[in-house]
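According to numbering that gives the first Met the number 0, the sequence shown is numbered sequentially starting from 0.
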Amino acid sequence: MKTKIIGTILPTTLGIITVLGLLVVFNIIVHNGDAFNSPDNGFFKLFVPIATIIALIIQFTLTIPFWRKFKSLKKVWGLTLFQFTALLCIISGLTFGLVFWETNFGIIELILVSLTGIIAFSVYWTVNLLTLKQIDRLQY
């Protein structure tokens with residue numbers, strides 16, 4: 000039970016912290032840090048905790064069982080772990096782009112927001128799965 004709790008909390012937390020850290024660095028480089036004074040900050044104070052809770056639930060109910068299947072079978076639904084994760088990141092990023100797209104800014108905004116989502120999900124899942132792999136290595 001202890002390893003299941005660690006396998007749920009640690010990869011999720013490290014993945015979210017890494018993505019948030021990259022967004023902070025991006026904000027400082029591109030916006031000179033001005034975006035931290037934007038009215039969207041209230042949204043982020045609400046969005047990050049809710050996203051974290053959702054990520055923890057997904058980690059516990061889906062990620063850990065799929066991780067075990069990939070370890071034993073090497074392929075799930077005919078896909079390797081890399082293929083499955085890449086497809087998941089692309090679909091999630093495109094969905095993120097559609098949800099957060101501000102149509103007034105045109106199609107370029109959709110492309111940029113979708114690309115940001117794909118990169119964020121790719122970083123999150125890379126950190127998450129590498130952490131799970133390290134936990135497994137330390138366990139055995």
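For each residue, glycine too, the CB sits at the ideal point set by N, CA and C.
Q: Excluding the 5 residues preceding and the 5 following TRP66 in the sequence, name in chain order all residues of the same chain whose CB lies nearer than 6 angstroms to its CB.
A: Translated into the one-based positions of the sequence shown, residue 66 becomes position 67. Counting only Cβ-Cβ distances below 6 angstroms, and skipping sequence neighbours, we find LEU131.
#### Entry: Range of the contiguous alpha helix (DSSP H) that encloses THR115
Taking the sequence shown and counting its residues from 1, the one referred to as residue 115 is at position 116. Here the alpha helix (DSSP H) through THR115 covers 106-138.
Span of the alpha helix (DSSP H), counted from its first residue to its last, around TRP66: Looking up residue 66 in the sequence shown gives position 67. Start and end: 63-72.
Next item on the list: Compare the Cα-Cα distances from SER121 to each of ILE106, PHE25 and ILE90 and report the closest residue.
Entry: Sequence index remark: in the sequence shown, residue 121 carries index 122 (1-based). Nearest of ILE106, PHE25 and ILE90 to SER121, Cα basis: ILE90.
Note to self: So, at 8 angstroms on beta carbons, what are the nonlocal neighbours of ASN127 in its own chain, with the 5 sequence-adjacent residues on each side left out?
What the structure shows: The count along the sequence shown starts at 1 and reaches residue 127 at position 128. So the list reads PRO10, THR11, LEU13, GLY14, GLN58 and THR62, once near-sequence residues are dropped.
Looking only at C-alpha atoms, which of ILE4, THR125, GLN133 and TRP100 sits nearest to LEU109?
Residue numbering aside, residue 109 sits at position 110 when the sequence shown is read from its first letter. Comparing C-alpha distances from LEU109 to each of ILE4, THR125, GLN133 and TRP100 shows the shortest one belongs to TRP100.
- Should GLY6 and ILE107 be called a contact, given that it needs their Cβ atoms to be closer than 9 angstroms? Looking up residue 6 in the sequence shown gives position 7. Looking up residue 107 in the sequence shown gives position 108. The answer is no: Cβ separation not under 9 angstroms.
Tell me where the alpha helix (DSSP H) around GLY92 begins and ends.
Within the sequence shown, the letter at position 93 stands for residue 92. Element bounds for GLY92: 80-99.
Using a Cβ-Cβ cut-off of 8 angstroms (strictly less than) and excluding sequence neighbours within five positions of LYS70, which residues of its own chain qualify?
Counted from its first residue, the sequence shown places residue 70 at position 71. Only ASP135 meet the Cβ criterion.
Check your understanding: Roughly how many angstroms lie between the CA atoms of ASN26 and ILE117, to the nearest whole one?
Key -> The sequence position of residue 26 within the sequence shown is 27, counting from 1. The sequence position of residue 117 within the sequence shown is 118, counting from 1. Going by the C-alpha atoms only, they are around 17 angstroms apart.
Can you list, in chain order, the residues of its chain with a C-beta nearer than 6 angstroms to that of VAL112? Leave out the 5 residues immediately preceding and following it.
Sequence index remark: in the sequence shown, residue 112 carries index 113 (1-based). The answer, listed in chain order, is GLY96, PHE99 and TRP100.
**Report entry** Close beta carbons around LEU87, own chain, < 8 angstroms, minus the five adjacent residues each side
**Finding:** Here residue 87 refers to the residue found at position 88 of the sequence shown. Its chain contains PHE120 and TRP124 as the residues whose beta carbon lies nearer than 8 angstroms to that of LEU87, once the 5 sequence neighbours on both sides are disregarded; these appear in chain order.
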